[in-house]
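If you use the numbering used here, the sequence shown corresponds to residues 923 to 1553, in order.
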Amino acid sequence: MSYAEVYERWKADPNGFWMEAAEAIDWVEKPSKALFDENAPHYEWFSDGMVNTCWNAVDRHVEQGRGEQVAIIYDSPITHTKREITYVELRNRVATLAGALRDKGVTKGDRVIIYMPMIVEALEAMLACARLGAIHSVVFGGFAAHELAVRIDDAKPKCIMAASCGIEPGRLVHYKPLLDGAIEQAKHKPEFCVIYQREQEVAQLTEGRDVNWHGFQYGVQPAECVPVEGNHPAYILYTSGTTGQPKGVVRPTGGHLVALNWTMKNIYNLEPGDVFWAASDVGWVVGHSYICYAPLIHGNTTIVFEGKPVGTPDAGVFWRVISEHKVKSFFTAPTAFRAIKREDPNGEYVNKYDLTGLKALYLAGERADPDTIKWAQRMLGVPVIDHWWQTETGWAIAGNPLGIEKLPVKIGSPSVPMPGYDVHILDEGGHEVGANTLGAIAIKLPLPPGTLPTLWNAPERFEKSYLSHFPGYYETGDAGYKDEDGYLYIMARTDDVINVAGHRLSTGAMEEVLASHPDVAECAVIGVADELKGQLPMGFLCLNAGCTRDHGEIVRDCVKLVRDQIGPVAAFKLACVVDRLPKTRSGKILRGTMAKIADGLDFKMPATIDDPAILDEIADAVKRLGYPQAA
Ligand code: COA
Ligand code: AMP
């Protein structure tokens, strides 16, 4: 069947389409139907089925005779370590870890926060939670204690699983003091923490609270898989919104299993047994879906890579991993390719490795710029597939489904909507716009299986953030257009979210941190274009009247404050002091206009601007920071 036929088949009978896809999953009790719209607009899928994620990702492959197949390859150039774990080993390790958690009182529905680097044990922790029906929430290691504390207070975990340290080029990330600091800041206290001691750093355990990862598993009976309802939350993953309070995206169990399994053949064109590599981090949605769950559910081999595209040790490491482990499909963010291209523009490292096993490269997480795509096409000689998705959806909204049909690639477009997604481009009033006209990208409800039914603890915020602007639609927060062939183009965010090296960050959260500085009266943070990372945050600080402190010192304080409060991942290094911020007459800061000035783009003078002269001051300030970059 062609893509058009598959898409039409889904449209004609969504229930039948997803029930058929659900047959690839092992259910303890089969669901009676696919869509449950009783609580609309909080749509659910497969709610009355009973199922277990860990069984589907691990045990069933052992039962089906795949026990000796490698499930996970750990390749860590940063520690010079490699390891392979078969499905049977994974089953045994996860069952024992789950048994130890169960013996400490973790049961179905309890939340468990996982704060770990890119090691196999992070996946085992996720799967052990899934085995028990506990709801995990993985927090990215590049977030600082305050961000962890905010998530602890929202998720209220019974347990936190952490490692003693992460390893970044040239430095250790000391997780234990960050963890202790977060627990101290949080109102909610976990009952216990499990600490995985790495050989690079052994952390001092806190008596009465911390247990040792290995010690607490000693003599434990392995746990069986606990069946849960199809709509039981598999995990919560926090993502940036417009404020400092992150949104807890809820991932429901049944839809997650069905949708992810469907994508592995239809989008990534893989058969069970093939090696799949997503070079991301388990702290992000790409890591949840495509390092951990989808490849394992589908019976593939997945790679846990602890390193960077460049510098660990060189710009050839991706090619070394692809050739050594026989990777068939590879997934990463465009920023990683920009980093490699910058160091090895002529692809000298590419030529050193046998990449004939690689069949396709998938890019997502940020806009894939044409230069990067063309360079990747030239270097690798395989289809370069841009696909577009969000933490909220958990899998691609739009892509080029190689397992169904390879559609012509149009550079700059992540191609066409996947079955399940009815994508529309709307104007401010919610009316559909014509081809090649920019508008807000919205998806007609219901969203497909695997996508968020709500936000954790915040159903009203879910409705307000996503459903209220365009009734009957999910608002993606992205703006773009469709061409006459129905190809989508994703151009910008419509909110205060920026994308730094494929990481989604909230400028609102950074403003909240800057505003807490005692000398700062008012501030604004915008995203400016950056050649390597796509965007970088830039802060503008207005100081309290009478403040006589050195401006450089205040800027340094502010940079440190954001690093300490949000984390190094915010990459907040550009800031300046200005007398005033440009505003509308009603007092709204004109961040969009400021961003255009910093990027050197033409802009229309906002009709409601209070004092146009302030824009010249902003232009001078960004110039002092070296922007626009081309100037
Ligand atoms: N734990 C602790 N700190 C982390 C971290 C982690 N897991 N990940 C990143 N950081 C730190 C980095 O060390 C860096 O700190 P520094 O300011 O002391 O240098 C900071 O956060 C910013 O990191 P990053 O944005 O990753 O930039 P980088 O300069 O280290 O590397 C790239 C640049 C392009 C190589 C890198 O961004 C990259 O590989 N990106 C891939 C994107 C990706 O995987 N996105 C996921 C979505 S698909
Ligand atoms: P995240 O939730 O971190 O995955 O970030 C999702 C956001 O990243 C989207 O809303 C887009 O703004 C951006 N994004 C992800 N993939 C793409 C893509 N292929 N093209 C353009 N933007 C993308």
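For glycine and all other residues, C-beta sits at the position ideal for the given N, C-alpha and C. Fair warning: this is a prediction, and the values are worked out from it, not measured in the lab.
Neighbourhood of residue i by C-beta distance below 8 Å, restricted to the same chain and skipping five residues each side
i: Ala1553; result: At Ala1553, the pLDDT of 49 sits below 50, so the modelled position is not reliable; the number obtained from the coordinates is stated separately. Contacts found: Gly1522, Lys1545.
i: Ala1467; result: Ala1443
i: Ile1041; result: Tyr996, Ser998, Ala1085, Tyr1118, Arg1120, Val1226, Glu1228
i: Leu1377; result: Lys1169, Gly1170, Val1171, Val1172, Arg1383, Phe1384, Ser1387
i: Ile1333; result: Pro1292, Ile1295, Lys1296
N- and C-terminal bounds of the beta strand (DSSP E) containing residue i
i: Gly1461; result: 1456-1465
i: Asn1421; result: 1419-1422
i: Met1527; result: Note, Met1527: premise wrong, no beta strand (DSSP E); not H, not E.
i: Ile1199; result: The identity of residue 1199 in the sequence shown is Trp, whereas the question assumes Ile. That run of the beta strand (DSSP E) goes 1197-1200.
i: Ile1295; result: Not the beta strand (DSSP E): Ile1295 falls in the alpha helix (DSSP H), residues 1292-1302.
i: Ala1084; result: 1081-1085
i: Lys1366; result: 1361-1366
i: Thr916; result: Absent from the model: residue 916. The displayed extent of the chain is 923 to 1553, so no value can be given.
i: Ile1307; result: 1306-1308
i: His1058; result: 1057-1060
i: Leu1410; result: 1410-1415
i: Phe1494; result: Where Phe1494 is concerned, there is no enclosing beta strand (DSSP E), given that its DSSP letter is neither H nor E.
i: Ala1282; result: 1282-1285
i: Leu1094; result: 1093-1096
Nearest-angstrom Cβ-Cβ length linking residue i and residue j, presumed shorter than 8 Å
i: Leu1280; j: Val1304; result: 6 Å
i: Tyr1160; j: Ser1251; result: That belief does not hold up - the Cβ atoms of Tyr1160 and Ser1251 are roughly 28 Å apart, past 8 Å.
i: Glu1434; j: Gly1166; result: 4 Å
i: Leu1454; j: Arg1260; result: 5 Å
i: Asn1188; j: Pro1174; result: That pair is no contact at about 20 Å.
i: His1210; j: Met1186; result: Not confirmed; about 15 Å, so no contact.
i: Tyr1284; j: Phe1253; result: 4 Å
i: Trp1184; j: Ala1362; result: With a Cβ gap of about 27 Å, Trp1184 and Ala1362 do not count as contacting.
i: Lys1030; j: Val1150; result: 6 Å
i: Trp932; j: Gly1342; result: 6 Å
i: Cys1480; j: His1439; result: 6 Å
Element boundaries [alpha helix (DSSP H), containing residue i]
i: Cys1480; result: 1473-1487
i: Thr1444; result: Correcting the residue type first, residue 1444 is Glu in the shown sequence and not Thr. No alpha helix (DSSP H) holds Glu1444; the beta strand (DSSP E) holding it covers 1442-1452.
i: Tyr929; result: 925-934
i: Met1432; result: 1429-1437
i: Ala1067; result: 1067-1077
i: Asp1595; result: Since the first and last residues shown for the chain are 923 and 1553, residue 1595 lies out of range.
i: Cys1051; result: 1042-1054
i: Ala1535; result: 1535-1546
i: Ala922; result: Since the first residue of the chain shown is 923 and the last is 1553, residue 922 is not available in this structure.
Residue from the options whose Cα sits closest to the Cα of residue i
i: Val868; options: Lys1482, Ala1492, Leu1389; result: An answer regarding residue 868 cannot be provided, because it is not within the stretch 923 to 1553 covered by the chain.
i: Phe1062; options: Trp940, Pro1168, Ile1326, Leu1503; result: Pro1168
i: Lys1129; options: Leu1374, Val1142, Gln1143, Asp1102; result: The residue you asked about is not Lys; residue 1129 is Glu in the sequence shown. Minimum Cα distance to Glu1129 is reached at Asp1102.
i: Leu1463; options: Gln1487, Gln1107, Ile1448, Val1499; result: Val1499
i: Ala1446; options: Leu1454, Val1207, Leu1496, Asn1183; result: Leu1496
i: Pro1112; options: Tyr996, Arg988, Val928, Cys1081; result: Cys1081
i: Pro1330; options: Tyr1009, Glu1350, Asp1308; result: Asp1308
i: Val1273; options: Ala1181, Leu1302, Gly1394; result: A quick correction: the sequence has Asn, not Val, at residue 1273. The candidate whose alpha carbon is nearest that of Asn1273 is Leu1302.
i: Gly1449; options: Gly1055, Arg1426, Ala956, Val1306; result: Arg1426
i: Val1010; options: Gly1325, Trp977, Lys1526, Thr1001; result: Trp977
i: Pro1099; options: Asp1486, Ala1517, Lys1296; result: Asp1486
i: Ala1255; options: Ala1286, Ala1237, Ala1282; result: Ala1286
i: Asp1538; options: Ala1520, Ala1529, Phe1240; result: Ala1520
i: Asn1222; options: Gly971, His1136, Glu1193; result: Glu1193
i: Asp1532; options: Arg1471, Ala1543, Leu1512; result: Leu1512
i: Glu990; options: Gly1342, Ala1282, Gly1195, Trp1206; result: Gly1195
i: Pro1375; options: Asp1344, Ile1262, Trp967, Arg1073; result: Trp967
i: Ala1437; options: Ala1401, Val1477, Ala1451; result: Val1477
i: Lys1263; options: Trp1297, Ala946, His1247; result: Trp1297
i: Pro1550; options: Met1516, Ala1529, Tyr1097, Pro1528; result: Met1516
i: Asp1025; options: Gly1088, Phe1138, His1439; result: Phe1138
i: Phe1392; options: Asn1358, Gly1351, Leu1410; result: Gly1351
i: Ser1337; options: Trp1311, Leu957, Asn937; result: Trp1311
i: Glu985; options: Asp1418, Asn1014, Asp1472; result: Asn1014
Neighbourhood of residue i by C-beta distance below 6 Å, restricted to the same chain and skipping five residues each side
i: Cys1051; result: Val1034, His1058
i: Val1208; result: Ala1200, Ser1202
Own chain partners of residue i with C-beta closer than 7 Å, once the 5 adjacent residues on each side are dropped
i: Leu1012; result: Val980, Ala993, Ile994
i: Ser1245; result: Tyr1275, Asp1276, Leu1277
Residue i beta carbon near the ligand NAD (any heavy atom closer than 8 Å)
i: Gly1342; result: Summarising the ligand content, the structure contains the ligand COA and the ligand AMP and does not contain the ligand NAD.
Exercise. Quick one: complete alpha helix (DSSP H) runs, 4+ long, within the stretch 936-1024?
Worked result: 936-944
For this session: Can you check the stretch 1160-1187 for any beta strand (DSSP E) of at least 3 residues that lies completely inside it and give the ranges in chain order?
Result: With a minimum length of 3 residues, the continuous beta strand (DSSP E) runs that stay inside the stretch 1160-1187 are 1169-1174.
For this session: Please go through the stretch 1098-1143 and give each complete beta strand (DSSP E) segment of 3 or more residues, from N-terminal end onward.
Result: 1114-1118, 1132-1134
Problem set entry | Contained beta strand (DSSP E) runs [length at least 3] in the stretch 1329-1406, N- to C-terminal order | 1345-1348, 1361-1366, 1395-1404
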